[in-house]
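Written out below as structure tokens is the structure these notes cover.
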Amino acid sequence: MCDIKFYIFHCSVSETFNPQRIIDYLVIFHVSIKVTYEVRQKHKLEIMTEVEGSMSMKSYRRRLAASPRVRKNLIRQIESDVERDEDKNRTPAEIIQDVLACIKDRNEESAIRVDKLNSLVRLIKNHERLKYTYPAEPFLYGLRFCVSDSVKEVRIAGYRALRYLIADVGTLKQITNLHYDIFIMRSLAKDQKLFNDEREQVLKLLRTFSDVPSGTKFIPLGVMRAIVSIAEQPDDKLRNICLETLAEIMIREPKIVTNCGGMRVLLQALIDGPVELSEYLMMALLYVIDTPDSRKCIRPGVDLEIVLSGFTDACNKGSKFEQQIKASARAISVLLKSWTGIIFLCRDNKQAIKSIVESLRITSDETREIMLEMFFDIFRIKTPKWYPNFLSGKRISVYGHPEQKDNNNGEPPPSSTNVHDRLNLLDHHLVILLDIFMDSGLLDALVEIIEDKNQQVARKATLFIGEILQLSNRLLSVSRSIRIQSLPRLFSLATKFDDEIVRHSATAALSHIDNLNRTRNRLQISSIDNDSSPNPRSRNARQVENVKIKMGMQIDDKHFMSMLMESQVLNTKDGRKWDFEILMELLQGPLLNPRRLEESIKSKFIKRLIGFFRPTSRRFSEIEKTAENEIFVTLGCTLVSTLLACSDGVRYLENNKFLRQIADGLNQLDPINGTSESEPLFSKERINNTLTSGYFTILGYFSKYKEGVRLLEKFKIFNTFYHLSELRSREDLIKAIITNLDYSLDGHPRILLSKVMTSGYK
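For the sequence shown, the residue numbers in my numbering are 1 to 762.
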């Protein structure tokens, strides 16, 4: 049978062979193997021979005629199947003796030696305890002939068998004493194009050393330097594996890696990439820094700060410029998310932190964008869903987006009276980061980015400033937060009228910051469980408000009229076509100027806005009650606040039918003075399904101002509230009234609250 196998093998590799003849021989050979095997297993020979023969004639004849490579692989597979079948009928001792006799014989055929080594591997896989009970020394002596053989396949099989023979430290000592390191270094130094499989098996063998307790101590220094040389080659296919191997060895024995120059290669890999590996390499370095003994291997102020060079050398652009910056950003992010990394970077008066901040001032858009993404990750800020649209320049109103509620699980942010009781260790970590970066001038560097001509980068910096202010409001005390909330440079740029572009960018930044604050305030107001005390998170809103008043006084007529037209209010009565971002900017800015408000009242602008909210127009009150449509309620509250801030606005509300129609709608439910209506304005169905419930939120804004309370008294809305509080069938109305009124002023709201709370049936 062996003669047939070798005849087929030599015929298949010769230049003059008959394909049909080799196929016939192979079919006969394969059928005979199957027949012999089935005889041993006592199966039906005739059926199996017929089936296997027909399958071979159809499948092998087609596949063997394809190429010589396919023929060789099939023949090798058949030979392996034969050896595997023969192993099943022999004891482990017989297989071991057979393997030992074969691997020591240099005159044996290479293919047979490979098969014997593979059978040894299969034996160890099937009998794991064998390598712990049978002495490995005879194999180690014989495998030296295999790993030094001239045939590559024999060397590969030899390294593979050697890997499976490793059981404990004793095996590693024997491998070291037999000077296997000479053969390992020779294999690692070979050309990767021709011997990559062999080099891969060698690296697998070396990684097995790390799996054995204290096994890394037995890796010779010469082998370590060979691994380092591969890790230094960017185009080597095994570079990443060598970097991972060095990192694993560094965790166990950092001195070995330092002595062979591997620490320098690992630090350089943090910048050169790949990006996916930088994070894990930094984690390994942090582990080394964390203990006093291993910390000696890192030179403070020199080694770890090499990751900063990806930003500081940003002007030297190259082919891998962006990849290097991303790798540096990933490494710094991991470093600053750990206490060890923070302490290490704060050495020498925070010079490393200041270098990171100063890198934001480099006029490179790619560097700034990647660094801003890094800061979002460091401060654990999750970007909202509308983030891409905001960066692209689209007008996005954060008031109507449901994800703003989702960020707080549908609840308002906690007040300052109890927020510090719920701070966890992660929040304390963020507090340290805030203090460190604020002392290093992060806000000034971000404001400088806002002045940049690249609007996308400026918008990203604007969003980050707003999130930083929110973090400071939530985590820091008032005395410490004032320093961050002041934003003197940004307010100075917002009033810099000699540079229109810079002023507009600063104004947009302030507007967005104010929008974030107002969104969180709106969530707090709309929550049932929230009290009516002022929200400390909006303590910086007064500064923004004052700046907008100044801007409204200074804005020119052309710009003001342009904003009125862009809002689409003068062009259509359909509120869904209005630009809410511009409307909010007008109501919170220029229209706070009494002169501008008077101009808008004389035009159709205010009239059309108020007309949209009148109950008789059926426009606002018929809108479906959804999270997206809550922006209309916010618009109404902002409109009322703007009008009540000026005497002309109060006079306009007093003469308008807006409050009168709301009072008439409430009187429809009054059990004393009510009028019979088939479908009342404030019916339970309309309250649950439409924005009609938003009228109570708007009336709540009236109760915040003395003039607003006076108007509610004039239109006898408070009287109606007293009557409605006695309706046992409409607890939803009572709930809406109580949760939306403001109780900061003494008067009817407090009396109404007292009456509801003392009612026995409520």
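A virtual CB, placed ideally from N, CA and C, is assigned to each residue, including glycine.
Everything numeric in this text was worked out from a predicted model, so none of it was measured.
Cα-Cα separation, residue i to residue j
i                 : j                 : result
glycine 665       : alanine 627       : 24 Å
histidine 43      : serine 119        : Model confidence at histidine 43 stands at a pLDDT of 36, short of 50, so the residue's coordinates are unreliable; what they give is reported in the following sentence. Taking the straight line from one Cα to the other gives about 26 Å.
cysteine 778      : isoleucine 227    : Only positions 1 to 762 of the chain appear in this structure, which leaves residue 778 out of reach.
isoleucine 465    : proline 220       : 53 Å
isoleucine 606    : arginine 730      : 34 Å
leucine 745       : phenylalanine 721 : 17 Å
threonine 312     : serine 328        : 11 Å
proline 594       : asparagine 655    : 18 Å
proline 92        : glycine 158       : 19 Å
methionine 563    : phenylalanine 682 : 35 Å
leucine 653       : isoleucine 738    : 23 Å
alanine 111       : asparagine 240    : 32 Å
isoleucine 662    : leucine 335       : 59 Å
phenylalanine 145 : arginine 225      : 25 Å
aspartate 574     : asparagine 740    : 27 Å
tyrosine 164      : valine 223        : 20 Å
leucine 267       : isoleucine 103    : 43 Å
leucine 463       : phenylalanine 321 : 26 Å
isoleucine 298    : leucine 143       : 39 Å
alanine 331       : leucine 285       : 10 Å
leucine 205       : isoleucine 381    : 43 Å
Own chain, CB closer than 6 Å to residue i, minus 5 neighbours either side, in chain order
i             : result
glutamine 20  : Its pLDDT being 48, under 50, glutamine 20 is placed unreliably by the model, and nothing is read from it.
aspartate 377 : Ser333
glutamine 201 : Ile156, Tyr159, Arg160
valine 357    : Ser440, Gly441, Leu442, Ala445
Nearest neighbour of residue i, chosen from the options [CA to CA]
i                 : options                        : result
phenylalanine 560 : Lys573, Ser600, Glu581         : Ser600
alanine 167       : Pro213, Glu200, Leu194         : Pro213
methionine 757    : Asp742, Gly747, Ile734, Asn740 : Ile734
lysine 625        : Ala136, Ile156, Thr690, Leu423 : Thr690
glutamate 585     : Ala157, Glu598, Glu566, Arg576 : Glu566
valine 569        : Glu622, Leu635, Thr616, Glu630 : Leu635
phenylalanine 613 : Tyr132, Lys237, Thr697, Ser603 : Thr697
alanine 231       : Met263, Trp339, Leu724, Ile112 : Met263
lysine 152        : Phe195, Asn177, Arg163         : Phe195
proline 590       : Thr616, Cys646, Leu140         : Cys646
leucine 172       : Thr208, Gln201, Ile156         : Thr208
tryptophan 339    : Ser472, Thr291, Ser754, Glu322 : Thr291
histidine 504     : Asn107, Asp452, Tyr280, Ile103 : Asp452
glutamine 351     : Val302, Tyr180, Ile582         : Val302
valine 447        : Leu433, Ile484, Gly170         : Ile484
isoleucine 362    : Cys260, Ala445, Leu711         : Ala445
phenylalanine 437 : Gln668, Asn349, Ile450, Asp498 : Asn349
phenylalanine 183 : Lys193, Glu622, Phe620, Arg199 : Arg199
glutamate 598     : Arg651, Leu487, Asp435         : Arg651
Contacts around residue i, its chain only, beta-carbon distance under 7 Å, and the 5 residues preceding and following it disregarded
i                 : result
asparagine 418    : Residue confidence is low: asparagine 418 scores 44 on pLDDT, short of 50, so the model does not pin down where it sits. Its coordinate-derived value is still stated next. Hits under 7 Å: none found.
phenylalanine 344 : Ile289, Leu304
arginine 481      : The sequence shown places serine at residue 481, not arginine. Only Ser472, Asn473 meet the Cβ criterion.
aspartate 98      : Lys116
Cβ neighbours of residue i in the same chain (closer than 8 Å, five flanking residues each side left out)
i                 : result
lysine 217        : Glu253, Ile256
glutamate 369     : Gln456, Val457, Lys460
leucine 277       : Asn240, Leu243, Glu244, Ala269
phenylalanine 658 : Ile610, Phe613, Arg614
threonine 176     : Phe218, Pro220
serine 359        : Leu308, Phe311, Thr312, Ala314, Thr367, Met371
arginine 750      : Tyr743
Terminal residues of the alpha helix (DSSP H) in which residue i lies
i              : result
glutamate 108  : Unbroken run through glutamate 108: none, as it is neither H nor E.
glycine 763    : One cannot answer for residue 763 here, as it falls past the ends of the chain, which runs 1 to 762.
glutamine 668  : Looking at the DSSP string, glutamine 668 is not in any alpha helix (DSSP H), and its letter there is neither H nor E.
leucine 194    : 192-211
asparagine 688 : 684-689
tyrosine 164   : 152-165
valine 447     : 442-450
cysteine 637   : 630-644
glutamate 622  : Note, glutamate 622: premise wrong, no alpha helix (DSSP H); not H, not E.
aspartate 179  : Checking the sequence shown, residue 179 turns out to be histidine, not aspartate. Here histidine 179 belongs to no alpha helix (DSSP H), and DSSP marks it neither H nor E.
glycine 611    : 604-613
asparagine 765 : This structure leaves residue 765 out entirely; the chain is present only between 1 and 762.
tyrosine 141   : 137-147
Residue i CB to nearest heavy atom of the ligand GDP below 7 Å
i          : result
valine 121 : This structure lacks the ligand GDP, and indeed carries no ligand of any kind.
Is it true that the stretch 702-720 meets the stretch 634-648, where meeting means three or more beta-carbon pairs spaced less than 8 Å apart?
yes
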